[in-house]
Structure formats: structure tokens, C-alpha cells
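> Here it is, the structure in full.
Protein chains in written order, with our numbering: chain A, 1 to 67; chain B, 68 to 325.
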């Protein structure tokens, strides 16, 4: 198991989980969200090839109302 | 005569930019956007609520990207690094290079940190972003932001959400006189006359959110703001009369009866 901080919360994922797989587990479509791993943007094209690692800080964001 | 606003090669017929926060519902927001005639709407970038996913409606279900330029902001960022990271996330989520850059320097007033703003703007311009900076009403800062490649500058009229109106028209006027890029007043507009004043001074556009979203009737206020921006713009183009300290009769003096 891999333990990460996801949007500030502790979460665990199976070994070998990619960003794409993480989004699937979370029930999020890749459209309209964006992902950061350890303060670096993960481009959509790299979701399949980016693996989560123990201790990662992951941010998953979307767009909300604002000024 | 067409009178369109051009920023970074993109033309806009409407000079009113509208935010999408604080509306009582998505339905009211959607109607307010339509009534305002706006072509640019701002949005914020926030963490997905992992406990609420799939249940809440998404903002983007209610804002048609073929109709509006969706302008993400970096609201709530207090450092250049946070703002740059947020802009990169916004670009990935939306597929747009455009960013309303905010770097806040003070929690109570939400005044911008102008030093960090310059730093973040420099980085983002170098990465190909179209950077529209929310800034203090400082003409020197406006020039620096323009020089480093911002295609418009967005000085505040008053603190964000305050509705205090155009607090320093003289600084805005100097910015307009000296800037070679469009000047969009961003923040502080509370009612229609504020928007009209900004446009009469010669601002090229007005960005607002709270003034519309928290009005008793946001849809009607959106309509009022549309008219105010148009009226102010036309008055500016028409050229107002100079102010005099005494009367000047409108009716002819000759030919009066005796």
C-alpha cells in the first residue's frame, strides 16, 4: 500500500497506482480537473505513466465560482 | 462604428467582465451572465471535495465555453509560488492560457502584494500565459507589468467585495493616460454609477462579481451594469463638457420679450 496526502487528507492506494487509476478510484473524470504531485503539475498526457509513491502530496482541483 | 475591446488579439464587444462567485444559485448566475451581455467570466481553482464528489453540480455545467471566455483566477494565493502553481493547474483544467493573476498581500483588505505579483507575472508570461494582473492603482506598477508582457492591467477601484466604488479616479486616470494596454477596473464596484464613472474616466472595461451576485436581484443588477458600462463608455467617447463654477444659459439670450 501507498500512503499519500490527497488534498490535505491521508489516503492509501494500491501499489502501482497511476494518476489515471487514482482518479478512477475517486470517481473523477479526467476532464475538468487538474492534478499536482509534490507541487508540480501532472499533465493530462502523463496520467497513465505517472505512478503515486509513498509520501506523495497530491492535489486534485477543479473550477468553482469566483471573482 | 464598432467599438470593441481587444486584449491579446481577441476582440470583445462587451466591456463588462463578470465573476461567478456568491450567486444564490447556478440558475440565477446563468441568467445574470446572460443579461449582463458579458463575454468574459471569471472562475476560481479549488480542491475537489472528495466526500461530495458526483453529488454537487459543476460550475462548468452552467457556463458555456463557446459563449464566454472563461478566465480562471489565482484568488486566495498569498505567494508568487502559489499563484504560479494555481495558474498552471487552471491551464491544465481549462485548456486556456488566460489567467487573472492575483497575489494577495493582506487578509483584511485583500490588497495585492505588488512585489510578488511582478514576480509571478514574469514567470507566467515566460511560460506563455496571457496574464491579466489584479493590482493596486499604482501607475508605476502598471507600467512595469505592461513592460514585462501583460496585455492588460486591472487596477482595483476599492477593496474586493467592498462596493465602495471608484476611490481614486485620479490614479486610474494617470494609469489610463500612460498605459499602452487596456485598463480594466477590477474590484470595488458596488452599483451602476460606479461602473459608469469608471468607463467615463476612460477605463476600457470593468470586472465585478459581488456587486451583481449579492444584489437583492442579481439578474436586474446585471442588466443595470450592462447599461452603465455602455453608457459610461459612450459618454467617454462623446467627450463630456468641462465643469464650470457658474451657470451658462442653455436658451438664447437674444429675442427675449420685454
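Quick reminder that beta carbons are idealized off the backbone N, C-alpha and C, glycines included.
Given this structure, state the Cα-to-Cα distance separating residue 244 of chain B from residue 303 of chain B, to the nearest angstrom.
14 Å
> If you count every other CB in all the chains shown that lies within 10 Å of the CB of residue 140 of chain B, and 16 or more means buried, which is it?
buried
> Buried or exposed: residue 320 of chain B, going by 16 or more other Cβ atoms within 10 Å of its Cβ?
exposed
> Closer than 9 Å, Cβ to any Cβ of chain B: which residues of the stretch 6–38 of chain A, in chain order?
6, 7, 8, 9, 11, 26, 27, 28, 31, 32, 33, 34, 35 and 36
> Given that a residue counts as buried once 16 or more other Cβ atoms are within 10 Å of its Cβ, and exposed if not, what is residue 222 of chain B?
Classification for residue 222 of chain B: buried.
> Strictly under 8 Å for the Cβ-Cβ distance: is residue 86 of chain B near chain A by that measure?
True, the Cβ-Cβ gap to chain A drops below 8 Å.
> Using a Cβ-Cβ cut-off of 8 Å, state whether residue 41 of chain A counts as contacting chain B.
yes
> Work out the CA separation of residue 23 of chain A and residue 66 of chain A for me, nearest whole Å.
25 Å
> Does DSSP put residue 4 of chain A in a helix, a strand or coil?
Residue 4 of chain A falls in the strand class under three-state DSSP.
> Does residue 52 of chain A get closer than 8 Å to chain B when you measure Cβ to Cβ?
no
> Check residue 237 of chain B in the structure and name its three-state DSSP category.
helix
> Under 8 Å, Cβ to Cβ, is there at least one residue of chain B near residue 125 of chain A?
A query on residue 125 of chain A cannot be resolved here, the shown segment of chain A reaching from 1 to 67 and no further.
> By how many angstroms is the C-alpha of residue 169 of chain B removed from the C-alpha of residue 145 of chain B?
8 Å
> For residue 19 of chain A and residue 6 of chain A, what's the separation of their Cα atoms in angstroms?
12 Å
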